[in-house]
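Here the structure comes first, spelled out in structure tokens, and everything after it is commentary.
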Amino acid sequence: MPAASRASYASFTAGDDLLLEFRKWPASLHYRVRTVFLGADEDGAWIGGRKGRGVDRGPGRRPNVVSEDWVSFLPYGQGWAARWYARQAATGRASRYSCYVDITTPAHVDPDEQGVPSVHLVDLDLDVVRTWDGAVEVLDVDEFEEHRLALGYPGAVVKDALRSAAEVRQAMAAGAHPFDGKQAGRRVSSYTAYDEFRLGHSDARLSQRPG
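Set out below in structure tokens:
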């Protein structure tokens, strides 16, 4: 499938439901979660997820629950997906990390098997994170090495994943866009500002809010 571009999101408006689906190489379900489309700019698309929302991990695996509100950035044609948590949580990734970047194949947009608008990525194990005290780390290097051999990652995929991890780590450590916190901070603040969503009102109301 072709990598997503700005045109891929042209039919979406702020507040539209969008399924975010991660798979493991080559196609087994890793997890999927319902998100809300927040907008797209010249660099990528922004989506948001709600605390308490269920995370489908596939048949035979117990669902998870999102531990904190978050906003994600999906850059066009790049092999990573970044997530910023609204605040530190007691459990889950948000308990340890303020920003979590999955190294992936480039995102593509396509309906799922039920016709639900979806963003699809293949998770390539490596993660780049910023802890709540500001440390930048690369995680799951051993898992990447194991899976690239056991699952037969193509050479080009390995090369792209390693390059993406290095570039993201450098950008995060330097505080370069989008890891300078400016736009991500505004998106998180805007997304978490409306308490009515916490009371069970539809995320579709975002389409009526300034963005």
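Just so it is clear: in the sequence shown, position 93 is 83 by the working numbering, and no numbers are missing. For every residue, glycine included, the Cβ atom is placed at its ideal position computed from N, Cα and C.
Keeping to the same chain, check which residues put their C-beta closer than 6 Å to that of residue 82; ignore five residues upstream and five downstream. 57
Using the Cβ count rule (16 or more neighbours within 10 Å means buried), how would you classify residue 28? buried
Can you tell me which of the three DSSP states residue 124 falls into? Correct three-state label for residue 124: coil.
Considering only heavy atoms of the ligand FMN, does any lie closer than 6 Å to the CB of residue 57? With respect to the ligand FMN, the structure offers nothing, as it holds no ligand at all.
Residue 9 to residue 107 span [Cα, whole Å]: Spanning the two alpha carbons is a distance of roughly 6 Å.
Can the beta-carbon of residue 70 be found less than 7 Å from the beta-carbon of residue 61? no
Which runs of the beta strand (DSSP E) spanning at least 3 residues fall entirely within the stretch 16 to 86, listed in chain order? 18 to 30, 34 to 39, 60 to 65, 70 to 75
Here's the rule I'm using: 16 or more other beta-carbon atoms within 10 Å means buried, otherwise exposed. How should residue 115 be labelled? buried
Secondary structure at residue 182, three-state DSSP: helix, strand or coil? helix
Residue 189 in three-state terms, based on DSSP: Residue confidence for residue 189 is low, a pLDDT of 40 falling below 50, so the modelled location carries little weight; the figure read from the coordinates is stated next. Helix.
Extent of the continuous beta strand (DSSP E) to which residue 7 belongs: 7 to 14
Rounded separation between residue 199 and residue 133 - CA only: Because residue 199 sits at a pLDDT of 40, beneath the cut-off of 50, its placement in the model cannot be relied upon, and the point is left open.
Answer with buried or exposed for residue 189, where buried requires no fewer than 16 other C-beta atoms within 10 angstroms of its C-beta. Residue placement at residue 189 cannot be trusted, given a pLDDT of 40 that sits under 50; the coordinates are not used to answer.
Please state whether DSSP places residue 1 in a helix, a strand or coil. It is coil, neither helix nor strand.
Nearest neighbour of residue 77, chosen from 137, 44, 40 [CA to CA]: 40
So, helix, strand or coil for residue 100, using DSSP? coil
Residue 137 - containing alpha helix (DSSP H), residue span: It spans 131 to 140 - the alpha helix (DSSP H) in which residue 137 sits, taken as one unbroken run.
In or out: residue 96 buried (at least 16 other Cβ within 10 Å) or exposed? It is buried - the Cβ of residue 96 has at least 16 other Cβ atoms within 10 Å.
As assigned by DSSP and simplified to three states, the class of residue 106: coil
Test item: CB-CB of residue 33 and residue 65 under 7 Å: yes
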